[in-house]
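Participant: One structure, as structure tokens, below. Some questions next.
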Amino acid sequence: MVFHNQDDNISSNLQFLDKRLSEIDCDVPFIHTSPLIRQDKPFEDLLMTDRMHIFRIFSRFVEQLPITYASFSVTKTFYQEDKQIEEAFRRQIKNFIEYNLECFQIFEKITVYYDCGQSIISKILRDTFGKIFDDRMDFRTAYQKDYRLMQVADFVCTLEQSKIRWDEHRPTKSEKDFFLTRQMFMKNFYKKISRKHI
């Protein structure tokens, strides 16, 4: 989850990102981090150096944003049924919101943006935020191509997933090719972004 107080204007950050991407002739419709690392569409024709350049520009953009984030994960092999996975996520998210309730209570309205990519997560977000904030919560369907902050959430999620794999000594071939080592991944990218982790 990426959190942004809409009173904190990010238009200058967006202009910086657009300018830097235009300077390197990056004309992809939006930044989707995993395909960028794996050299999948729409980055399949780009060299490693070009993809790393885009990644560094976007990473710098995220570092400068007035945002915070929280991450949630479960190991599917620990659970027998999807219902148990759903409950594990629900418990993590509910506990997080309740622990940070004072931070949320200062806002008149909480707007939740989600692309509804996973129905379980969509249901948990609607239920959990809805029960706690009632009519102060506004749920909106949003897509990466339309919102830079959705792309930021995707970026952060990808880094958090990569860290788990590096920590468990099972990085993908693409991650090893792109970041080279866990030390370089941590030093050059993860540690800088993780400063925003709640």
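Numbered per the working numbering, the sequence shown spans residues 210 to 407.
Positions of the beta carbon are idealized from the N, C-alpha and C atoms, including for glycine.
Starting from residue 395, follow the alpha helix (DSSP H) in both directions and report where the run begins and ends.
Facilitator: Note, residue 395: premise wrong, no alpha helix (DSSP H); not H, not E.
Participant: Give the range of the alpha helix (DSSP H) segment to which residue 316 is assigned.
Facilitator: No alpha helix (DSSP H) holds residue 316; DSSP gives it neither H nor E.
Participant: Does the Cβ-Cβ distance between residue 280 and residue 365 come in under 9 Å?
Facilitator: Contact: yes.
Participant: For the segment 251 to 259 against the segment 270 to 277, are there 3 or more C-beta pairs whose distance is under 8 Å?
Facilitator: At 8 Å Cβ cutoff, the stretches do not touch.
Participant: If you count every other CB in all the chains shown that lies within 10 Å of the CB of residue 329, and 16 or more means buried, which is it?
Facilitator: Residue 329 comes out exposed.
Participant: Only counting runs of 3 or more residues, tell me where the beta strand (DSSP E) segments fall wholly within the segment 281 to 352, in order along the chain.
Facilitator: DSSP runs (the beta strand (DSSP E)) wholly in the segment 281 to 352: 319 to 323, 346 to 350.
Participant: Starting from the Cα of residue 225, find the closest Cα among 314, 270, 243, 299 and give me that residue.
Facilitator: Closest by alpha carbon: 270.
Participant: Should residue 380 go down as buried or exposed, given a rule of 16 or more other Cβ atoms within 10 Å for buried?
Facilitator: Classification of residue 380: buried, given that the 10 Å Cβ count is 16 or more.
Participant: So, residue 230 versus residue 357, is the Cβ gap smaller than 9 Å?
Facilitator: No, these two residues do not count as a Cβ contact at 9 Å.
Participant: Quick test of your reading: residue 319 and residue 346, contact by CB under 8 Å. State the CB separation rounded to the nearest angstrom.
Facilitator: Contact holds; Cβ gap of about 5 Å.
Participant: Should the segment 388 to 400 be regarded as contacting the segment 366 to 373, the criterion being three or more beta carbon pairs within less than 8 Å?
Facilitator: Touching, yes.
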